[in-house]
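Visitor:
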Amino acid sequence: MWVSLLGWDAKSQTTEAWSQINYEDLTPQIMSTLNDEIAKMNLDFILFNFYKHTEAPLYPVEFLRQGVDITTLGGLEFIIFNPDGSINEKRYKYYSDELLISTPLEMIMTMQEKTKNHELNYLTKIELSSGEASYRAITADSTFVFNERMEYLHALAVQKAL
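When the sequence shown is numbered by UniProt numbering, its final residue is 162 and no position is left out of the sequence of numbers.
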């Protein structure tokens, strides 16, 4: 089974429903909010990719983490903006070494119990502007979905490319 939410698929953080754009193509409100978010992080240097969602009025901004101290971004990989500059959601991506820094041990143990027969590639956390959050443990063949208390909800099989 393959599941998509606004173009997100179970095996990837990016999507075919996004077209890459330039910084200048963002709305002034998004530019302002993005600059505010960057100022909160106290970053000396960061690279970005900018996207426009082709199926919804959303503007994902990808934080390129190469060479950046992982504690600085706290795992942040995407901020998805509405055209008015408000934040729709934030997406985080954690690899094994980052999990210990950013996730309570009790939650890690719960996740490991459900995914014990699968090798974890990474964990994503999705924070909606409503305050709701969920986690997705991504393995080579499945995506395990947990709520914000790391209670297991369901698993999705990753569709293999032909």
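Backbone N, C-alpha and C define an ideal beta-carbon position, used for all residues, glycine too.
Please read these numbers as outputs of a predicted model, since none were measured by experiment.
Does the contact criterion of 3 or more C-beta pairs under 8 Å hold for the region 87 to 97 versus the region 122 to 131?
Guide: Yes, the region 87 to 97 is in contact with the region 122 to 131.
Visitor: Write down the C-beta distance between residue 20 and residue 50 rounded to the nearest angstrom, noting that I regard them as a contact closer than 8 Å.
Guide: 7 Å between Cβ atoms; contact.
Visitor: By the three-class DSSP mapping on this structure, what secondary structure does residue 38 have?
Guide: Of the three classes helix, strand and coil, the one that applies to residue 38 here is helix, per DSSP.
Visitor: Taking only the alpha-carbon atoms, compute the straight-line gap between residue 115 and residue 137 and give it to the nearest angstrom.
Guide: Rounded to whole angstroms, residue 115 to residue 137 spans 8 Å at the Cα level.
Visitor: Is the beta carbon of residue 147 less than 8 Å from the beta carbon of residue 153?
Guide: Closer than 8 Å, so yes.
Visitor: Going by DSSP, name the residue or residues bridged to residue 62.
Guide: DSSP, once it has assigned bridges, lists 49, 78 as partnering residue 62.
Visitor: Quick check on the burial criterion: 16 or more other C-beta atoms within 10 angstroms. Buried or exposed for residue 77?
Guide: Burial call: buried.
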